[in-house]
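Residue numbers (the numbering used here): 63 to 489.
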């Protein structure tokens, strides 16, 4: 039998499939292995390239096989799917993995260390607990509202409701209802304690990790976001620029181009949803609440343009209806897909290239900074519904084309992009 050079390993819970080829690409091995046989099998064969799909348990097996001397390469499962021939089964999956791992243009996933996965587990556990807390708080508010008991919005005001539930002297609640609601209140407090404990562990890890500390120096990024990036991005060197990092996060527009005509839609949202949400929320808080950011000369320089854009846009609004459409000034309407950002003096279609609904597109950072953006930064006015005339509003595509309205997600994404100043994301 020829010497093995490349192996495709299809991972599973109990039954694993191996497909091996030699230097000429000839299939020399097809084998099924039980879970307990995998490491023993790979310890007996000579060093070779082992391809795996970056799925559940992939990083564990990559570390174990790498310790045996093999060169392990992880690939996104969606990139491997194109190499499956006809029907899908374990043998076909292993063969497709073996074929895909040899491609010179294949994009590989860096292997995470056990420490990175452990810290990432802190984030996943915290996210799950926060989601459960939100569900319980909403249930508590809804049940108490049925008895005429309400409190102001915000998690900080839930304590008032819990105090009412535990006050036996409050006659507004029947005894049966009070017993049920006390169970919910106890669960809320237990989850709150668990979330605080996980956050203390994240803060302790943050203080010992230099990469996380450098990330926290970016405006709008604290220990939670910094540790999330440091654990999720195993090897930052795979990104040549901050724009590539934005594309990996799913912040660039989705393309549906053909025939030389560029068509850009909303952001792809193909990246890590948790990380993308944290970054947008951090940028929003930084721009709206940070005094240091508001006093930054770069941010101050945006204000005159924002005021000018607001005046031009206000000229098209009638009787407080906040309409953008039939009688709005054409030069004040953002191009389709541009949200609330308008680039002037850069030629037709420049806005489409500079800013889409939720992200940026492929320009260099220097070019992006040189564009004279006109930005309406009034969130209350920007997030109100805006309607074109009734005829155009009957067509969704016509409404987008004429109105170019900016949604809440557009505004958050724009704030995130503006907060990442002069390549700060490169850290």
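Here a beta-carbon is modelled for each residue, glycine too, at the ideal position from N, C-alpha and C.
Can you give me the start and stop residues for the beta strand (DSSP E) that residue i sits inside?
i, result
"residue 68", "68-72"
"residue 133", "133-137"
"residue 315", "315-317"
Thinking residue i and residue j are a contact (beta carbons under 8 Å), I'd like their distance in whole angstroms, please.
i, j, result
"residue 146", "residue 156", "At roughly 10 Å, the Cβ-Cβ gap does not stay under 8 Å, so residue 146 and residue 156 are not in contact."
"residue 300", "residue 172", "6 Å"
"residue 282", "residue 347", "6 Å"
"residue 243", "residue 198", "Not quite, the Cβ-Cβ distance comes to about 11 Å (not below 8 Å), so this is no contact."
"residue 267", "residue 289", "6 Å"
"residue 260", "residue 285", "Going by Cβ atoms, the distance from residue 260 to residue 285 rounds to 12 Å, so no, they are not a contact pair."
"residue 270", "residue 334", "Contact flag wrong, Cβ pair sits at about 23 Å."
"residue 91", "residue 81", "7 Å"
"residue 163", "residue 87", "Actually they do not touch by this definition, with Cβ atoms about 12 Å apart."
"residue 339", "residue 329", "Wrong, their Cβ atoms sit about 12 Å apart, outside the cutoff."
"residue 332", "residue 304", "With a Cβ gap of about 17 Å, residue 332 and residue 304 do not count as contacting."
"residue 336", "residue 189", "6 Å"
"residue 139", "residue 117", "6 Å"
Ends of the alpha helix (DSSP H) at residue i?
i, result
"residue 79", "Here residue 79 belongs to no alpha helix (DSSP H); instead the beta strand (DSSP E) covers 77-83."
"residue 324", "From DSSP, residue 324 is part of no alpha helix (DSSP H); its letter is neither H nor E."
"residue 99", "Neither: residue 99 is in no alpha helix (DSSP H) and is coded neither H nor E."
"residue 272", "272-277"
"residue 359", "359-362"
"residue 107", "No alpha helix (DSSP H) contains residue 107, which DSSP labels as neither H nor E."
"residue 307", "304-311"
"residue 226", "220-228"
"residue 342", "335-351"
"residue 287", "285-294"
"residue 215", "Note, residue 215: premise wrong, no alpha helix (DSSP H); not H, not E."
"residue 189", "176-207"
Which residues in the same chain have their Cβ closer than 7 Å to the Cβ of residue i, if we skip the five residues on either side of it in sequence?
i, result
"residue 72", "78, 79, 152, 155, 156 and 159"
"residue 132", "104, 109, 110 and 112"
"residue 249", "198"
"residue 240", "227"
"residue 42", "Because the chain spans 63 through 489 in this model, residue 42 falls outside it and cannot be assessed."
"residue 507", "Only positions 63 to 489 of the chain appear in the structure, and residue 507 is not among them; the question remains open."
"residue 194", "253"
"residue 179", "121"
"residue 277", "283, 288, 291, 292 and 489"
"residue 432", "Because residue 432 carries a pLDDT of 46, less than 50, the predicted location of this residue cannot be relied on, and the following value inherits that uncertainty. For residue 432, where only same-chain residues beyond five positions count, there are no Cβ hits under 7 Å."
"residue 123", "73 and 114"
For residue i, collect the residues of the same chain with a Cβ closer than 6 Å to its Cβ; drop the 5 residues on either side in sequence, then sort them by chain order.
i, result
"residue 273", "292"
"residue 474", "Any reading at residue 474 is ruled out, since the residue's pLDDT is 45, under 50, leaving its predicted position unreliable."
"residue 256", "191"
"residue 440", "The pLDDT assigned to residue 440 is 41, lower than 50, so where the model puts this residue is not dependable, and the model offers no usable value."
"residue 389", "At residue 389, the pLDDT of 40 sits below 50, so the modelled position is not reliable and the matter cannot be decided from this model."
"residue 457", "Below a pLDDT of 50, predicted positions are generally treated as unreliable, and residue 457, at 41, falls in that range; the measurement from the model is reported next regardless. None."
"residue 213", "219, 222 and 223"
"residue 97", "76"
"residue 142", "115, 158, 159 and 162"
"residue 275", "none"
"residue 67", "84, 85 and 110"
"residue 56", "With the chain covering only 63 through 489, there is no way to say anything about residue 56."
Opposite residue i in the DSSP bridges: which residues?
i, result
"residue 93", "80"
"residue 171", "136"
Kindly list the residues whose CB is nearer than 8 Å to the CB of residue i, restricted to its own chain and excluding five residues on each side of it in sequence; keep chain order.
i, result
"residue 354", "281"
"residue 65", "84, 85 and 108"
"residue 325", "317, 318 and 319"
Is residue i near the ligand ADP - that is, is its Cβ less than 8 Å away from at least one heavy atom of it?
i, result
"residue 82", "In the structure on display, the ligand ADP does not appear, and there are no ligands present to speak of."
Subject >> Completely contained beta strand (DSSP E) runs for the region 110-166, where each covers 3 or more residues >> reply: The region 110-166 contains these whole beta strand (DSSP E) runs: 111-115 and 133-137.
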